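In the UniProt record's numbering, the protein residues as written are 1 to 482.
Yeah, the Cβ is synthetic: ideal placement off N, Cα and C, and Gly gets one too.
None of the values given here were measured: they were computed from a predicted structure.
The structure under discussion appears below in the form of structure tokens.
Next up, the structure:
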């Protein structure tokens with residue numbers, strides 16, 4: 001909802017001038033429109049809850065914020081002498097849950113449920129999420145509704161070309177959704193009754209169709225012109241990509257390259273448009289062009305010889321073998337020891353130099369609700385350690401493919417691990433860190449450190465004097481990396 005829209009300001013001025021929509025009351029003379037909004041709000045309350053960040057906006061006793069409890073709330077009443085009012089009151093100065101303070105006022109079962117909630121190390125405000133969707137975003141089931149129509153369509157032969165584009169999977173998937181006309185344009189949102197109008201949020205003159213968003217909006221035209229894509233000048237209101245992407249006298253390879261370039265430009269237009277809508281960042285064609293050129297360089301670099309590497313069986317062995325970093329550089333391996341039951345886990349990080357020697361590391365106890373949460377705790381600990389040491393452009397390895405994927409993706413992470421993922425992305429950007437998934441065999445040192453710490457068998461001086469069980473693993477990694 002655009003809170004600055006006229007209708008939103010109108011309702012706020014009449015019905016909830018000093019509170020939020022979620023706290024608004026019916027009023028004595030409620031209109032039909034206001035009653036309809038309140039009815040929709042009642043449906044939202046069934047799955048709407050707070051996602052803990054800094055805890056300053058969440059009422060500890062009355063708000064819905066604990067995912068694993070019925071109704072997401074504490075079922076007991078606040079005692080008269082309670083020292084706890086907000087969730088922030090049970091987060092200590094180090095950013096951890098204050099277990100002793102909670103233990104004095106609520107049952108251990110509730111404490112355990114709270115400990116499963118990961119806390120961010122980068123301060124962010126609390127926000128509401130829809131519990132019954134992993135992304136935390138409320139969506140409407142559109143299966144019975146009419147599919148949106150668009151002239152933005154590709155012929156059958158173009159689909160094969162699309163999946164051969166040398167671009168990251170996220171751009172390929174985005175371009176597929178664009179060509180299917182299932183992006184959240186204002187036209188599509190309006191048809192699904194998720195927007196009050198269908199006008200382009202940037203020019204505010206035309207309906208924001210897929211064609212208008214990418215090709216016909218004045219600022220988008222400047223982007224294409226700056227990227228030297230000539231056929232766009234002839235596009236009309238019923239633009240069809242197939243008319244100019246799959247042009248005559250072009251080979252399949254040329255068409256594939258052109259389609260890939262178009263998809264990358266559209267991807268950056270989409271990102272700039274969303275920055276404008278959600279972050280109020282003014283659109284700048286030159287910035288979008290610069291962003292596209294960066295994306296293009298990264299794609300060229302990534303796809304120079306990927307087919308040889310991916311199809312080569314030797315590359316599979318690389319994922320199972322620890323490889324030393326280049327001379328003068330470092331590599332961090334991380335892993336988590338997670339019990340079959342219980343909350344306490346161990347997040348371990350091992351930092352080695354180009355000679356394979358341990359130069360730093362850690363093994364700390366963390367509380368987790370899922371195995372994925374444990375792996376992400378370890379990756380976050382690695383990122384924080386590297387930032388504290390002032391190390392940049394270090395490769396962080398983990399044997400959890402899902403955790404690595406979330407760390408490098410730009411998609412909205414699942415709500416149960418969002419605090420961890422957003423922290424990792426923040427630190428990765430700050431230190432220009434790299435992430436890589438490896439098989440367990442290439443991550444044995446971190447795995448052994450986590451296992452020893454979990455069994456309380458890891459000596460305090462393990463970094464300078466590795467335990468006996470760790471020595472052969474370290475030697476093996478060094479030999480295989482030669």
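Let me confirm a value: residue i is counted as buried when at least 16 other C-beta atoms fall within 10 Å, else exposed. Which label applies?
i	result
residue 75	exposed
residue 310	Below a pLDDT of 50, predicted positions are generally treated as unreliable, and residue 310, at 36, falls in that range; no measurement from the model is reported.
residue 352	buried
residue 281	exposed
residue 127	exposed
residue 9	exposed
residue 542	The question about residue 542 has no answer here: the residues shown for the chain are numbered 1 through 482.
residue 105	buried
residue 288	buried
residue 108	exposed
residue 397	buried
residue 95	exposed
residue 80	exposed
residue 294	exposed
residue 455	exposed
residue 444	buried
residue 60	buried
residue 367	buried
residue 472	exposed
residue 331	buried
residue 479	exposed
residue 329	exposed
residue 268	buried
residue 13	exposed
residue 484	Only positions 1 to 482 of the chain appear in the structure, and residue 484 is not among them; the question remains open.
residue 181	buried
residue 206	buried
Who are the Cβ neighbours of residue i in its own chain at under 8 Å, not counting the five residues just before and after it?
i	result
residue 16	23, 24 and 25
residue 467	452, 457, 458 and 459
residue 199	186, 205, 206, 207 and 208
Between the Cα of residue i and the Cα atoms of the options, which residue gives the shortest distance?
i	options	result
residue 441	197, 266 and 321	321
residue 67	54, 49, 57 and 83	49
residue 194	112, 40, 21 and 174	40
residue 115	102, 129, 327 and 122	102
residue 399	337, 366 and 228	337
residue 52	416, 411, 223 and 448	416
residue 340	371, 331, 216 and 47	371
residue 173	409, 108 and 293	409
residue 319	344, 86, 207 and 481	481
residue 35	11, 263, 374 and 47	11
residue 4	350, 58, 425 and 201	201
residue 167	63, 20, 266 and 216	266
residue 72	129, 56, 220 and 84	129
residue 133	386, 414, 375 and 424	414
residue 384	418, 411, 423 and 354	423
residue 136	470, 420, 412 and 421	412
residue 223	38, 381, 271 and 86	271
residue 326	418, 33 and 395	395
residue 428	380, 350, 369 and 297	380
residue 354	343, 474, 221 and 83	474
residue 226	88, 290 and 62	290
Once the 5 residues before and after residue i are set aside, which same chain residues still bring their CB inside 7 Å of it?
i	result
residue 177	183
residue 98	90, 91 and 92
residue 277	201
residue 111	99, 102 and 103
residue 219	202, 283 and 285
residue 165	172, 256, 259, 260 and 263
residue 47	130, 131 and 132
Please indicate yes or no: does the CB of residue i lie closer than 7 Å to some heavy atom of the ligand GDP?
i	result
residue 75	In terms of ligand content, the structure shown is empty, and the ligand GDP therefore cannot be addressed.
Going by beta carbon distance, what residues of the same chain come within less than 6 Å of residue i, once the five residues before and after it are set aside?
i	result
residue 27	15
residue 124	53
residue 69	113
residue 197	none
residue 21	none
residue 356	324, 477 and 478
Would you say residue i faces chain D, with C-beta separation under 8 Å as the test?
i	result
residue 102	Looking at the structure shown, chain D is missing, and only one protein chain is on hand.
inquiry  = With three or more C-beta pairs closer than 8 Å as the rule, is the region 400-409 touching the region 433-443?
reply    = yes
Does the count of Cβ pairs from the region 358-377 and the region 449-463 closer than 8 Å reach three? yes
Q.
Three Cβ pairs or more, each shorter than 8 Å: is that satisfied between the region 206-213 and the region 183-190?
A. yes
Count the CB pairs spanning the region 325-336 and the region 444-451 that are closer than 8 Å, and state whether there are at least three. yes
Curious, which full-length alpha helix (DSSP H) runs of at least 4 residues does the UniProt domain "RNase H type-1" (333-452) contain?
371-389, 401-408 and 418-431
Can you give, in chain order, each stretch of the beta strand (DSSP E) that sits fully within the region 41-89 and has at least 3 residues?
48-51
message = I'd like the ranges of any alpha helix (DSSP H) spanning at least 4 consecutive residues and lying wholly in the region 195-227.
response = 218-226
Runs of 3 residues minimum, wholly inside the region 156-180: which ones carry the beta strand (DSSP E) assignment?
none
TODO: Identify every run of the alpha helix (DSSP H) within the region 4-31, keeping only runs that are complete inside it and at least 4 residues long; order them along the chain.
DONE: 6-15
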